[in-house]
Amino acid sequence: MMAMPLESPITFSNVGKIKWWQRGIFASQTGYVLLALAVLLVIMHFASPYFFTQGNMQNVAKNFSFIAIATLGVTFVIITGGIDLSVGSMMCFSAMITSMVMTELSTPGGLGASLFVHMAADGKTVLANVPGLILLISVVAGLGVALIAGLVNGFCIAVLGLSPFVTTLGMLSIVRGLGYVVSNGRGSFPGGPDADYFYALTSGDVLGVPVPFIYLVILALAMAVVLHHTSFGRHVFALGGNEKAAELTGIPVVRVKIEVYVLCALAAGLQGIIISGWLGSAPANMATSYELNVIAAAVIGGANLAGGIGGPLGAIVGCVLLEVIRNGLVLAQVSSYWQQTLVGVIIILAVLVDRVRSRMI
17 MMAMPLESPI TFSNVGKIKW WQRGIFASQT GYVLLALAVL LVIMHFASPY FFTQGNMQNV
77 AKNFSFIAIA TLGVTFVIIT GGIDLSVGSM MCFSAMITSM VMTELSTPGG LGASLFVHMA
137 ADGKTVLANV PGLILLISVV AGLGVALIAG LVNGFCIAVL GLSPFVTTLG MLSIVRGLGY
197 VVSNGRGSFP GGPDADYFYA LTSGDVLGVP VPFIYLVILA LAMAVVLHHT SFGRHVFALG
257 GNEKAAELTG IPVVRVKIEV YVLCALAAGL QGIIISGWLG SAPANMATSY ELNVIAAAVI
317 GGANLAGGIG GPLGAIVGCV LLEVIRNGLV LAQVSSYWQQ TLVGVIIILA VLVDRVRSRM
377 I
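Here you go:
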């Protein structure tokens with residue numbers, strides 16, 4: 017019998033050949049923004065001899081940290097396909113409550129004095145004699161109001177089915193209004209025996225590294241672990257990818273939605289408390305329009321408003337890019353009013369590049 021000739025193997029010319037714009041750093045919008053940031057840093061190095069000085073780098077690290085923590089929180093929401101417009105007002109309200117509670121607990125004749133009388137009569141330790149206790153109570157109070165607002169946002173959106181845009185826009189006005197109500201339109205100042213601790217923990221530095229930047233790194237690492245190594249993180253991405261499919265697979269959609277809005281509110285509250293330490297007060301108009309910068313930084317960094325895409329690296333990169341632009345304008349003595357214009361241009365370019373890259377895949 018004649019042996020049958022072996023057929024030549026079938027080859028596919030497109031297998032294993034990935035276009036350059038689909039590999040490595042170019043595989044996501046964050047990569048393009050990182051590249052743009054690197055180019056901008058080189059330009060700033062030659063444009064100003066003061067840009068890479070130690071003092072200016074510390075300012076950049078501190079200043080971008082003042083919106084980056086809130087950006088981490090809003091990134092959680094954006095990944096699920098939602099949005100939170102109340103983060104700026106939340107920053108202000110949490111900071112005001114924290115400062116007001118610190119002052120009240122430390123003022124003679126106030127709540128602190130009443131506690132002093134009752135506790136001293138029982139032979140117990142008074143608040144003022146426990147270092148850091150007033151500060152702890154005050155920060156918990158500030159984060160507590162953020163927690164409540166986040167729960168209300170999440171309940172209205174997840175349970176009542178209201179639009180995230182409309183709900184958080186309403187919360188923006190509610191929280192800002194409550195801030196004016198409780199303060200009568202005046203700012204509040206952290207005071208009392210724990211004031212020094214407060215300023216050290218919000219605007220100090222450790223070995224030359226600003227404390228807000230340290231908080232940011234810790235929270236970003238925690239967020240990365242949560243998103244990529246826990247079931248909650250997988251649920252967040254699944255919810256943003258296809259909410260109906262996520263619900264059919266047994267994912268607790270309502271609970272996850274509420275949790276991400278709570279996380280976003282807590283991040284904004286913490287951010288506001290840190291900013292008030294840097295400012296030395298919590299004015300009633302604090303963080304006005306900050307929600308625009310926070311959302312812009314998240315979108316520029318690669319978070320997709322349609323949901324399903326985003327992460328801590330992109331959030332930080334977006335914040336750094338915005339701060340480098342702002343800092344560069346200051347060093348170049350260009351009007352700060354140009355910053356918002358450039359931010360808008362960068363947002364459009366970032367979305368355009370991502371859209372072009374997606375169509376080429």
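Add 16 to a position in the sequence shown, counting from 1, and you land on the number used in my numbering.
In this text, a Cβ means the ideal position worked out from N, Cα and C, and glycines have one as well.
Annotated three-state conformation of ASP212 is helix, per DSSP. Per DSSP, reduced to three states, the secondary structure at PRO268 is coil, with no helix or strand assignment.
As the crow flies, the alpha-carbon of GLU259 is around 10 Å from that of VAL252. Contact between ALA281 and GLY166 holds: CB atoms are separated by about 3 Å, below the 8 Å threshold. For PRO147, the three-state secondary structure derived from DSSP is coil. Taken through DSSP and simplified to helix, strand or coil, ALA298 comes out as strand. Taking a 10 Å sphere around the C-beta of LEU232, we find 16 or more other C-beta atoms and assign the residue as buried. The C-alpha of ASP210 is placed about 40 Å away from the C-alpha of LEU50. Relative to GLY256, the option among LYS273, ASN169 and PHE80 whose CA is nearest is LYS273. Of the other Cβ atoms in all chains shown, 16 or more fall within 10 Å of the Cβ of THR184; this residue is therefore buried.
Taking C-beta separations shorter than 7 Å and ignoring five residues to either side along the sequence, the partners of PHE109 in its chain run VAL161, VAL191, LEU194 and GLY195, following chain order. Inter-residue distance for PHE214 and VAL269 is about 38 Å (C-alpha atoms, whole angstroms). 9 Å or more divides the Cβ of TYR48 from the Cβ of ALA174. Relative to MET107, the option among THR218, MET302, LEU345 and SER199 whose CA is nearest is MET302. Per DSSP, PHE205 lies in no alpha helix (DSSP H) and is assigned neither H nor E.
ARG202 sits exposed, since fewer than 16 C-beta atoms from the chains shown fall within 10 Å of its C-beta. Contact between ILE316 and ALA262 fails: their C-beta atoms lie close to 27 Å from each other, not under 8 Å.
Under DSSP, ASP221 takes part in a beta bridge, and its partners are PRO226. Excluding five sequence positions before and after ILE289, the CB atoms of its chain that fall closer than 8 Å to its own CB belong to SER110, ALA111, THR114, VAL155, GLY158, LEU159 and THR218, given in chain order. Between VAL225 and ALA331, the C-beta spacing is not below 9 Å. Between LEU178 and LEU101, the C-beta gap is not smaller than 9 Å, which leaves the two residues out of contact. Contact between MET60 and GLY344 is confirmed by a C-beta separation of about 5 Å, below the 8 Å threshold.
Sequence-distant Cβ neighbours of LEU286 in its own chain, meaning closer than 7 Å and more than five residues away, are ILE85 and LEU159. With respect to the 9 Å criterion, GLY334 and SER44 are not classified as neighbours on the basis of their beta carbons.
For the 9 Å CB-CB criterion, ALA240 and GLY186 do not form a contact.
Excluding residues up to 5 positions away in sequence, GLY317, GLY318, GLY327, LEU329, GLY330 and VAL333 lie with their Cβ nearer than 8 Å to the Cβ of THR46 in the same chain. For the 9 Å CB-CB criterion, SER292 and PRO206 form a contact.
Rounded to whole angstroms, the separation of the alpha carbons of VAL227 and ASP221 is 5 Å. By the CB criterion at 9 Å, ALA284 and VAL310 fall inside the cutoff.
Nearest to THR304 by C-alpha distance, out of VAL182, ILE83 and ALA322, is ILE83. When the beta-carbon positions are compared, ILE164 and VAL117 stay at least 9 Å from each other. If you look at CYS335, you'll find it in the alpha helix (DSSP H) that goes 328 to 347. Just so you know, the alpha carbons of VAL197 and ALA300 end up roughly 10 Å apart.
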